[in-house]
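Protein chains: 2
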Amino acid sequence: MTDWLAVDWGTSHLRVWGMSRDGAVKFRKTSDAGMGHLTRDQFEPALLDLVGEALETDRTPVVICGMAGSRQGWAEAKYVAVPCAPPGIDRATPLATRDPRLTVHILPGVKQTSPADVMRGEETQIAGFLALNPKFDGIICLPGTHTKWAHISAGEIVSFRTFMTGEMFALLSEQSVLRHSVAEMGWDPEAFADAVSTAMSNPSDLAARLFSIRAEGLLNNLDAHEARARLSGLLIGAELAAARPYWLGQHVALIGDDALCKAYADALGAQGLPVKRTDAERMTLEGLKAAYEGLKERAT
Amino acid sequence: MTDWLAVDWGTSHLRVWGMSRDGAVKFRKTSDAGMGHLTRDQFEPALLDLVGEALETDRTPVVICGMAGSRQGWAEAKYVAVPCAPPGIDRATPLATRDPRLTVHILPGVKQTSPADVMRGEETQIAGFLALNPKFDGIICLPGTHTKWAHISAGEIVSFRTFMTGEMFALLSEQSVLRHSVAEMGWDPEAFADAVSTAMSNPSDLAARLFSIRAEGLLNNLDAHEARARLSGLLIGAELAAARPYWLGQHVALIGDDALCKAYADALGAQGLPVKRTDAERMTLEGLKAAYEGLKERAT
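Order-wise, the sequence lines are chains A and B.
Heads up: the first sequence is residues 3 to 302, going by my numbering.
Heads up: the second sequence is residues 3 to 302, going by my numbering.
The structure is reproduced here in C-alpha cells:
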C-alpha cells in the first residue's frame with residue numbers, strides 16, 4: 003500500500019515515488035510535466051495524471067521539493083536563510099487541493115543574503131546526505147546546470163555559492179560558434195585534465211581560451227571530442243579556481259549526475275583532494291523521507 | 003558611374019558600396035543575405051539581386067572582405083599568418099563568376115598559430131585604420147560578438163587575441179536563467195562601472211557572480227536595467243583583466259558598434275587609459291579602398 007508520495011518537482015521533470023510508511027519504495031514514476039511547462043492550475047492535474055490511480059481514499063501525504071515551490075510554481079514556499087539546517091516539514095508550505103485524496107506539503111528553498119544566492123531542491127539532497135552521514139563536516143558540491151558548493155557544519159548549511167558552469171557549457175557547446183567544433187557526445191580525459199589545469203592556473207582569460215577551441219578547429223582540425231572535453235575542463239577549472247576557498251583542505255562530497263560528478267571528481271582528484279561520490283537520486287529520496295519523518299512525528 | 007564595388011560580407015549581413023574610381027561613395031545597399039544564410043551557389047545571385055542594376059557591361063571589380071571568404075563561404079580565401087600587414091589585394095582570392103559584368107576578389111583573414119586564433123573582416127578594418135593613421139603603433143580593440151585585441155607595430159599585426167565576450171553576453175542575457183532578471187534594453191552606467199571594477203579585481207569567480215544577478219533579482223528585486231549593465235560589466239571586466247598585457251601602458255584605438263565601444267571606452271577610461279574611438283563602417287570602407295588601390299596599381 004502507498005502511504006505517502008515523495009516528489010522531486012524540477013523545472014523540466016516531475017519524479018514521484020510511491021512510499022510505504024516505513025520508507026520502502028513501492029513504485030517510481032516520472033513525466034516531463036516540469037514546473038517550466040505548467041501554469042499554477044496544472045500542477046494538481048499533472049500529479050494526479052501520473053499517480054492518481056495509486057491513491058487510496060484517505061488523505062495521502064505528499065512531500066514535494068524543487069521548483070514547484072518557486073514563485074512561478076504550484077505555490078511559493080519561501081526561502082529559509084542560511085545559516086540553517088536543510089529545512090524540514092515544519093518550514094514546508096501546506097497546500098489545499100481540490101482532490102480530497104491529497105494533503106500536500108512543499109519544502110522551501112534556501113537563500114543567502116550576501117553574496118546573494120538561492121537554491122531550491124539541492125537543500126533536500128543535502129538533507130538526505132546528512133540523514134545518512136549525520137556527523138559530516140565539510141563541503142558538499144552539487145554539480146549541475148547551476149552547480150552549488152555548500153559549506154556544512156554541525157548539521158547546518160553555513161554558506162553556499164552557485165556557479166553557472168553547466169548552463170554555460172550547454173549554451174556554448176550547443177548555441178555559440180563553438181558548436182561547429184565541439185562534439186555532442188564523447189570525451190577525452192587527457193584534454194579535460196589539461197584544460198582544468200590551464201584554467202585553474204590562469205582562470206581570468208577564459209573567454210579567450212574558449213575562442214581558441216574554435217580557432218584550433220579551423221586551423222588544426224582539433225578533434226571534436228577533445229574540443230568537448232576541453233570546453234568542459236576550461237569551465238570546470240575556472241569554477242574550481244573560484245571555489246578554492248570552499249574546497250581547499252576540506253572533505254568534499256559530490257551529489258549529482260554520474261558523468262558530471264566523475265568529471266568533478268577527476269578534477270578535484272588532480273588537486274590531491276579525495277572526494278566522496280553519492281547516488282543523487284538516493285540523496286533526494288532520503289531528504290524527502292527525512293521530511294516525512296517530521297510529518298509522522300507531528301501526527302503522533 | 004560605379005567603377006567598383008566595395009563589399010563587407012559578414013555572417014548575417016551583406017553590405018555593398020558602389021564606388022567611383024577616386025574613392026567616392028555613389029550608393030550604399032545592405033541586405034540580410036549574410037554568409038550564414040547562403041549556400042556556395044547563392045552568393046553571386048545574392049550580390050546581383052542587391053546591386054545588379056548598377057553594373058555596367060564591362061568587368062566591374064568587386065573587393066570583398068569578411069565571412070564570404072570562409073570555408074563555408076563563396077570561396078575560401080586562406081588565412082595569412084601573423085606577423086603580417088593586413089593582407090591586401092595581392093593575397094586576395096580571385097573568383098570566376100557566371101555573370102561577365104563581375105570580377106571578384108575576396109580578401110583573406112588572418113591567423114595566429116599560438117595561441118590559435120583567427121580573424122576575418124577585422125583585418126580589413128585594421129587596414130582602413132592604418133591607411134588613415136599610417137604611423138600608429140599600439141593596440142586596436144575591435145569590440146563585437148567576438149572581440150579582438152590586436153597589437154600593431156610598424157604597420158603589421160604582430161599578435162592578436164579573441165574574446166567571446168559579446169556572444170556570451172547575448173547567450174546569457176537572452177537564453178540563460180538570467181533572461182528572467184536582465185532587461186532587453188537599457189543601461190545603468192554606475193552598475194556597469196562597479197561590475198567592471200569587481201570583475202577586474204577578481205576575474206576568476208565570474209560564473210558565481212553571474213548567478214548572483216539572478217539571485218538578487220529573486221531576493222532583492224534587482225532592477226532589470228541595472229542587471230543588464232552589471233552582466234555586461236562583469237563580462238567586459240573579466241576580458242579587460244585577461245587582456246591587460248595588451249592594453250597596459252598602450253595607446254588603444256576602438257573599432258566597433260558605437261554603444262559597445264562607449265562601454266569599452268568607459269571601462270578603459272576608468273583605468274586611466276585614453277582611447278581613440280573611430281567610425282567602424284568607415285574603417286571597413288577605407289580598408290576595402292586600400293585593397294582597390296592595389297588593383298589599380300596592378301592595372302597600370
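Glycine included, every Cβ here is placed at the ideal spot set by N, Cα and C.
Starting from ASP10/B, trace the alpha helix (DSSP H) both ways and give me its first and last residue.
Residue 10/B sits at position 8 when you count from the first residue of the second sequence. Per DSSP, ASP10/B belongs to no alpha helix (DSSP H); it is in the beta strand (DSSP E), 6 to 11.
CB contact flag (ILE257/B, GLN114/B, <7 Å)
In the second sequence, residue 257/B corresponds to position 255, counting from 1. In the second sequence, residue 114/B corresponds to position 112, counting from 1. Not in contact: ILE257/B and GLN114/B (Cβ atoms no closer than 7 Å).
Residues of the stretch 241 to 252 of chain A whose Cβ lies closer than 7 Å to any Cβ of chain B, in chain order:
GLU241, ALA243 and ALA244
Any residues in the stretch 147 to 167 of chain A with a beta carbon nearer than 7 Å to a beta carbon of chain B? Which ones, in chain order?
HIS148, ARG163, THR164, PHE165, MET166 and THR167
With DSSP as the reference, identify every bridge partner of ILE154/B, one or two as the case may be.
Counted from its first residue, the second sequence places residue 154/B at position 152. The partner list for ILE154/B (beta bridge, DSSP) reads GLY140/B and ILE159/B.
In whole angstroms, give me the CA-to-CA distance for LEU57/A and TYR248/A.
Sequence index remark: in the first sequence, residue 57/A carries index 55 (1-based). Sequence index remark: in the first sequence, residue 248/A carries index 246 (1-based). Going from the Cα of LEU57/A to the Cα of TYR248/A covers about 44 Å.
Cutoff 7 Å: PHE45/A Cβ touching any chain B Cβ
Here residue 45/A refers to the residue found at position 43 when the first sequence is read from its first residue. With 7 Å as the cut-off, PHE45/A does not count as an interface residue toward chain B.
Do PRO110/A and PRO89/A come within 7 Å of each other at the CB atom, strictly closer than that value?
Here residue 89/A is taken as the residue at index 87 of the first sequence, counted from 1. Here residue 110/A is taken as the residue at index 108 of the first sequence, counted from 1. Cβ atoms of PRO89/A and PRO110/A: closer than 7 Å.
So, is the C-beta of ASP207/A closer than 7 Å to a C-beta in chain B?
For this step, residue 207/A is matched to residue 205 along the first sequence. Yes, ASP207/A lies at the interface with chain B (some Cβ there is under 7 Å from its Cβ).
Which ranges does the beta strand (DSSP E) cover as unbroken runs of at least 3 residues, wholly within the stretch 96 to 124 of chain A, from first to last along the chain?
104 to 108, 112 to 114 and 119 to 121
Looking at chain B, is there any beta carbon in it that lies within less than 7 Å of the beta carbon of GLU186/A?
Translated into the one-based positions of the first sequence, residue 186/A becomes position 184. No, no contact with chain B.
From ALA70/A, LYS137/A and ASP24/A, pick the residue whose C-alpha is nearest to that of GLU78/A; which is it?
If you number the first sequence from 1, residue 78/A lands on position 76. Of the candidates ALA70/A, LYS137/A and ASP24/A, the one whose C-alpha sits nearest the C-alpha of GLU78/A is ALA70/A.
Give the straight-line distance between the Cα atoms of THR59/B and LEU7/B, rounded to the nearest whole angstrom.
Looking up residue 59/B in the second sequence gives position 57. Looking up residue 7/B in the second sequence gives position 5. Going by the C-alpha atoms only, they are around 14 Å apart.
Does the beta carbon of LEU270/B come closer than 7 Å to any beta carbon on chain A?
Here residue 270/B is taken as the residue at index 268 of the second sequence, counted from 1. Answer no: the Cβ-Cβ gap between LEU270/B and chain A never drops below 7 Å.
Only counting runs of 4 or more residues, tell me where the alpha helix (DSSP H) segments fall wholly within the stretch 212 to 277 of chain B, in order along the chain.
226 to 244, 246 to 249 and 260 to 271
Distance, SER116/A Cα to ASN135/B Cα
The residue labelled residue 135/B in the question sits at position 133 within the second sequence. The residue labelled residue 116/A in the question sits at position 114 within the first sequence. Cα to Cα, the separation comes out at about 49 Å.
Quick check: is the beta carbon of GLU78/B nearer than 7 Å to any beta carbon in chain A?
Numbered from its first residue, the second sequence carries residue 78/B at position 76. No, its Cβ sits nowhere closer than 7 Å to a Cβ of chain A.
At a Cβ threshold of 7 Å, is ASP372/B touching chain A?
Absent from the model: residue 372/B. The displayed extent of chain B is 3 to 302, so no value can be given.
Run through the DSSP bridge pairs and tell me what ALA195/A is partnered with.
Position 193 of the first sequence, counted from the start, is the residue given in the question as residue 195/A. Paired residue(s): none; ALA195/A is not in a bridge.
Establish whether the CB of LEU212/A and some CB of chain B are separated by less than 7 Å.
Translated into the one-based positions of the first sequence, residue 212/A becomes position 210. True, the Cβ-Cβ gap to chain B drops below 7 Å.
GLY219/A and SER183/A - do their beta-carbons sit closer together than 7 Å?
Working through the first sequence from its first residue, we reach residue 183/A at position 181. Working through the first sequence from its first residue, we reach residue 219/A at position 217. Contact: yes.
So, for GLU176/A: in the same chain, excluding its five sequence neighbours on each side, which residues have a beta-carbon less than 6 Å away from its beta-carbon?
On the first sequence, position 174 is the one that residue 176/A refers to. Closer than 6 Å at Cβ, skipping near neighbours: no residue.
How close, in whole Å, do the beta carbons of VAL9/A and VAL65/A come, if the pair is a contact with beta carbons under 8 Å?
The residue given as residue 9/A occupies position 7 in the first sequence. The residue given as residue 65/A occupies position 63 in the first sequence. Correct: roughly 7 Å between the Cβ atoms.
What's the gap between the Cα of PHE171/A and the Cα of SER234/A?
Looking up residue 171/A in the first sequence gives position 169. Looking up residue 234/A in the first sequence gives position 232. Taking the straight line from one Cα to the other gives about 7 Å.
Where MET166/B falls: helix, strand or coil (DSSP):
Here residue 166/B refers to the residue found at position 164 of the second sequence. Correct three-state label for MET166/B: coil.
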